[in-house]
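For what it's worth, the numbering used here labels the leading residue of the sequence shown as 219, then goes sequentially.
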Amino acid sequence: MIWPNHDLLDLLNIEVPVIQAPMAGANGPEMAIAVSQTGGLGSLPCAMLSPA
């Protein structure tokens, strides 16, 4: 399937229309790195981090 509109891809500088949800407790930096390395938008779950 060809993505019909590339505006969002261009805006976010990504290759594929995949935005990974940052689910605290379910995934970590490894998932964000893997998604980012394959052309999607990786997100870090920060809800469970303690403030600096």
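Glycine is no exception: its CB is placed at the ideal position from the N, C-alpha and C atoms.
Span of the alpha helix (DSSP H) around Val253: Here residue 253 refers to the residue found at position 35 when the sequence shown is read from its first residue. Taken as a continuous stretch (DSSP letters only), the alpha helix (DSSP H) holding Val253 covers 247-255.
Which value, in whole angstroms, describes the spacing of the CA atoms of Ser268 and Gly246? Along the sequence shown, one-based indexing puts residue 268 at 50. Along the sequence shown, one-based indexing puts residue 246 at 28. Using only the alpha carbons, I get a separation of about 15 Å.
Using 10 angstroms around the beta-carbon of Gly257, count the other beta-carbons present and answer buried if the total reaches 16, otherwise exposed. On the sequence shown, residue 257 is found 39 positions in, with the first residue counted as 1. That one is exposed.
Cβ pair Val253, Gly260 closer than 7 Å: Indexing the sequence shown from 1 puts residue 253 at position 35. Indexing the sequence shown from 1 puts residue 260 at position 42. Cβ distance < 7 Å, so Val253 and Gly260 count as in contact.
Helix, strand or coil at Leu262 [DSSP, three-state]: Along the sequence shown, read from residue 1 onward, the residue named residue 262 stands at position 44. The answer is coil: DSSP assigns Leu262 none of H, G, I, E or B.
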